[in-house]
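Visitor:
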Amino acid sequence: MVQEGMAAAVATTIDYTPSLLTSMGVVAPPAGQINPAAFIDFAPNGMTVEQSLRGATRVAKTAVGRGASTRVALGQAQIWLTGVVLTMLADTGRGVMGADIAQRPNLAGYVRVVNGTACADCMILAGKFFRWNSGFQRHPRCQCRHVPALSKKHAEKLGMISDPYEGFRQLSEAEQDRLFGRMQAQAIRDGADIYRVVNINKRGLGTASGHARYGTPNRLTIDQIYERTTAAAARAGRTAEQARAAAIRIMQEQGYITGAQVGGGNILGRHTGFGALGKGGKARAASDAVEAARLAGTRDPLNRYTMTAAERRLYDAKARLDMAKTGYQPRSIGQSTADKYAPLRPISAKGLATYERALAAELAKLPNQADSVRELARLLGL
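Sequence positions in the sequence shown follow the numbering used here and run 5 to 386.
1) Compare the C-beta of residue 99 with all C-beta atoms of chain C and state if any pair is closer than 7 Å.
2) Quick one: what's got a C-beta closer than 6 Å to residue 68's C-beta in the same chain, skipping five residues either side?
3) Among 335, 20 and 195, whose alpha-carbon lies nearest the alpha-carbon of residue 350?
4) How many angstroms separate the CA atom of residue 155 from the CA atom of residue 112?
5) Given 8 Å as the limit, is there contact between the segment 180-200 and the segment 136-151, that is, 3 or more CB pairs closer than that?
6) When you compare each of 101, 59, 93 and 97 to residue 83 by their alpha carbons, which one comes out closest?
7) Using the DSSP secondary-structure output, state which residues sit across from residue 153 in a beta bridge.
8) Closer than 6 Å by C-beta to residue 282: which residues in its own chain qualify, once you throw out the five before and the five after it? Chain order, please.
9) Let me know if residue 61 comes out buried or exposed under the rule of 16 or more other beta-carbons within 10 Å of its beta-carbon.
10) How would you call residue 331, buried or exposed, if buried means at least 16 neighbouring beta carbons within 10 angstroms?
11) Applying the criterion that 16 or more other CB atoms from any shown protein chain within 10 Å of the CB defines a buried residue, is residue 363 buried or exposed?
12) Taking its Cβ as the centre, do 16 or more other Cβ atoms sit within 10 Å of residue 326, making it buried, or is it exposed?
13) Would you identify the three-state DSSP class for residue 134, choosing helix, strand or coil?
14) Count the other CB atoms within 10 Å of the CB of residue 152; is the residue buried (16 or more) or exposed (fewer)?
15) Please return the same chain residues whose Cβ sits closer than 6 Å to the Cβ of residue 146, not counting the five positions on each side in sequence.
Rendered as structure tokens:
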């Protein structure tokens, strides 16, 4: 019966992506055709459907072992089974969507959209762009879905990228408290980073090294901050406004308030990082380049240390082809001890063609890339 439900989920979802693309006026031809049977034979978790449902028996027997009556035990098993089946059906549909997006090379990724009332976890991810190969994070009974997009910029033009703070502010204070927790919602209203508040509440505090490097809270939870400042204010005879001001100050010290409340957040907190090549500040040349760009308010578009990942892929593909055209196998881009003492190796015609194809593949992505990537292509003479 569950497999029949999965088959129905596949049947109703298999036309989802092509229909949505047509309504959006987006052309993204598929590499092949989705095979419905591939999504029915096994559960989305990779096990057989029967194996996935056996947990209901364990839930019931565990409840009996703890002294529950037969009726209560079966009730707990029913709740567990309902959640698993609903999640399995939703995951089957999401699997079809993900596969169909992945098999369309023109689609860079998808935007996560909420179906119905979002929980706190989904609310901070709703309206966010993900690459086509990014897994779809979900919880039991999650109803969020994919919306395909040519690129992040394309999604922004269509108004699909949303700010979780706007969604938060549209809720009543009672709804905010219900979804996030009373003190967590108050922290967000007081200026705390919504991403930090939700993640710390769900996963716990960070490590001391994480706090030193990224400003991640590692000592006091939101609940502890409000409880301590309220108690201290009561002992000292301070007003509620003074207690709140103290709570805000401690949230800033702990790393919950990291700056302006903007979509995407200030994920790195008080330390803004040193770029992908800076190794947290250990790689001095890269770190210095990032800090210099930050101080100047602009970056050198041809400095590899301050490039985005997309810019670096294009830059590296061009650099490797240029090296290959000299007749030798390209060395590593940037300093490499392995290359420093290794002899040059001649490159074959087949090897040269490989690097030509790599650059051609990056150039084919340009129409859907950010303006900075297209500007880099112009600077590189491409």
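Ideal Cβ positions, reconstructed from N, Cα and C, are used throughout, including at glycine.
This one's a predicted model, so the numbers in the text were calculated from it and none came from an experiment.
Guide: Per the coordinate set shown:
1) The structure shown contains no chain C; it is built from a single protein chain.
2) 77.
3) When only C-alpha atoms are compared, the closest one is 335.
4) Their Cα atoms are separated by approximately 5 Å.
5) Contact annotation: the segment 180-200 does not touch the segment 136-151, with fewer than three C-beta pairs closer than 8 Å.
6) Residue 59 is the option with its Cα nearest to residue 83.
7) Within the DSSP bridge table, the entry for residue 153 names 113 as partners.
8) Only 290, 291 and 294 meet the Cβ criterion.
9) The residue in question, residue 61, is exposed, as its Cβ has fewer than 16 Cβ neighbours within 10 Å.
10) With fewer than 16 other beta carbons inside 10 angstroms of its own, residue 331 counts as exposed.
11) The residue in question, residue 363, is buried, as its Cβ has 16 or more Cβ neighbours within 10 Å.
12) Exposed: under 16 other Cβ atoms inside 10 Å.
13) Strand.
14) By the neighbour-count criterion, in which 16 or more other beta carbons inside 10 Å mark a residue as buried, residue 152 falls on the buried side.
15) Around residue 146: no qualifying Cβ.
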